[in-house]
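To start, the structure under review is shown below, and the notes come after it.
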Amino acid sequence: MSNAVLQSQPPSTRTSNPVLFFRRWLANPLQMGSVIPSSPALCRRIAALVERRDDQVVVELGAGTGVVSRALLAAGVPAERLVVVELVPEMAAHLQEALPGVTVLRGDAFDLPALLPASWHGRVGTVICGIPLVLLPRDQQRRFVEAVEQVAPGRGFLLYSYCITSPLPAPALGLRAVREAWTPLNFPPASVWRYRP
């Protein structure tokens, strides 16, 4: 599948699509972090942790049905400064319709340096990851960290996860890990981790 930038369409009244989310979970449970989309409480926590200057973009990886994306927009990230990446074509098409003005990139987050336009490299304020990295082997985790470092040098990333302890072996990946938030109101309860080189 080739990488694609999907153009924004007129606004949609749908803010999430739980049926689509559940269908994708059934098709590939290991690709999805949960059986249901993230709760509004978790989405607000993630949005509150975003760091971004006016000239920087926010990149969300594994955007799913867009519930975190909507929280980012509601928290003040301008649509033209939000970039969402989604591997699954059906979900990318949903995001294109549901998030007018947002740049939707269809492709693999591990190919982020090639996906993200070169003009945005080094101009990323925060990378947010909704991909269940804890399930991946160490070499794949390292590949992910390197991909983020290429586009957001020194910035690291936010990772939301259902693990009580750090979902990534931070020292082995050359990272510092800080649990920035815990959301017991999410099902299952979730943590937001910030990893920096």
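So for the sequence shown, full-length UniProt numbering puts the first residue at 1; every next one is plus one. Backbone N, C-alpha and C fix where the C-beta goes; we use that ideal spot for every residue, glycine too.
Where residue i falls: helix, strand or coil (DSSP)
{"i": "E51", "result": "coil"}
{"i": "A92", "result": "helix"}
{"i": "I128", "result": "strand"}
{"i": "R45", "result": "helix"}
{"i": "L135", "result": "helix"}
{"i": "L158", "result": "strand"}
{"i": "G33", "result": "Its pLDDT being 46, under 50, G33 is placed unreliably by the model, and nothing is read from it."}
{"i": "V68", "result": "helix"}
{"i": "S119", "result": "helix"}
{"i": "V59", "result": "strand"}
{"i": "A147", "result": "helix"}
{"i": "A190", "result": "strand"}
{"i": "L82", "result": "strand"}
{"i": "A181", "result": "strand"}
Nearest-angstrom Cα separation, counted from residue j out to residue i
{"i": "V134", "j": "Y162", "result": "10 Å"}
{"i": "A27", "j": "Y160", "result": "Summary for A27: the model assigns pLDDT 46, below 50, so the residue's position carries little reliability; its value from the coordinates is reported in the next sentence. Rounded to whole angstroms, A27 to Y160 spans 22 Å at the Cα level."}
{"i": "S8", "j": "D139", "result": "Because S8 carries a pLDDT of 41, less than 50, the predicted location of this residue cannot be relied on, and the following value inherits that uncertainty. Answer to the nearest angstrom: the Cα atoms are 35 Å apart."}
{"i": "R155", "j": "P197", "result": "8 Å"}
{"i": "I36", "j": "H94", "result": "Unreliable positioning characterises I36 in this predicted model, as indicated by a pLDDT of 48, which lies under 50. The coordinate reading is nonetheless provided below. Roughly 16 Å separates the two Cα atoms."}
{"i": "L116", "j": "L82", "result": "12 Å"}
{"i": "A74", "j": "Y195", "result": "24 Å"}
{"i": "P11", "j": "L87", "result": "Confidence at P11 is low in this model, with a pLDDT of 37, below 50, so its placement is unreliable and the value that follows should be read with caution. Straight-line Cα distance between these residues: approximately 22 Å."}
{"i": "E149", "j": "S39", "result": "29 Å"}
{"i": "residue 207", "j": "S166", "result": "The question about residue 207 has no answer, for the chain in this structure spans 1 to 197."}
{"i": "L72", "j": "V58", "result": "9 Å"}
{"i": "G107", "j": "V151", "result": "16 Å"}
{"i": "L175", "j": "P169", "result": "8 Å"}
{"i": "G64", "j": "F187", "result": "16 Å"}
{"i": "A114", "j": "A181", "result": "31 Å"}
{"i": "Q31", "j": "D54", "result": "The predicted position of Q31 is uncertain, since its pLDDT is 45 and thus under 50; a value taken from the coordinates is nonetheless stated next. Cα to Cα, the separation comes out at about 33 Å."}
{"i": "V68", "j": "L185", "result": "15 Å"}
{"i": "L105", "j": "A92", "result": "8 Å"}
{"i": "P153", "j": "I164", "result": "27 Å"}
{"i": "L136", "j": "Q56", "result": "29 Å"}
Close-in-space but distant-in-sequence residues of the same chain around residue i (CB under 6 Å, 5 per side omitted)
{"i": "E51", "result": "G125 and T126"}
{"i": "G66", "result": "L95, A98 and L99"}
{"i": "A47", "result": "A71, L72 and A75"}
{"i": "L112", "result": "A147 and V151"}
Residue i vs residue j beta-carbon contact at 9 Å
{"i": "A147", "j": "A118", "result": "no"}
{"i": "G122", "j": "E60", "result": "no"}
{"i": "T183", "j": "R45", "result": "yes"}
{"i": "W193", "j": "L158", "result": "yes"}
{"i": "V77", "j": "T103", "result": "no"}
{"i": "A177", "j": "L42", "result": "no"}
{"i": "E80", "j": "G101", "result": "yes"}
8 Å CB neighbourhood of residue i in its chain, flanking five on each side removed
{"i": "R142", "result": "L173"}
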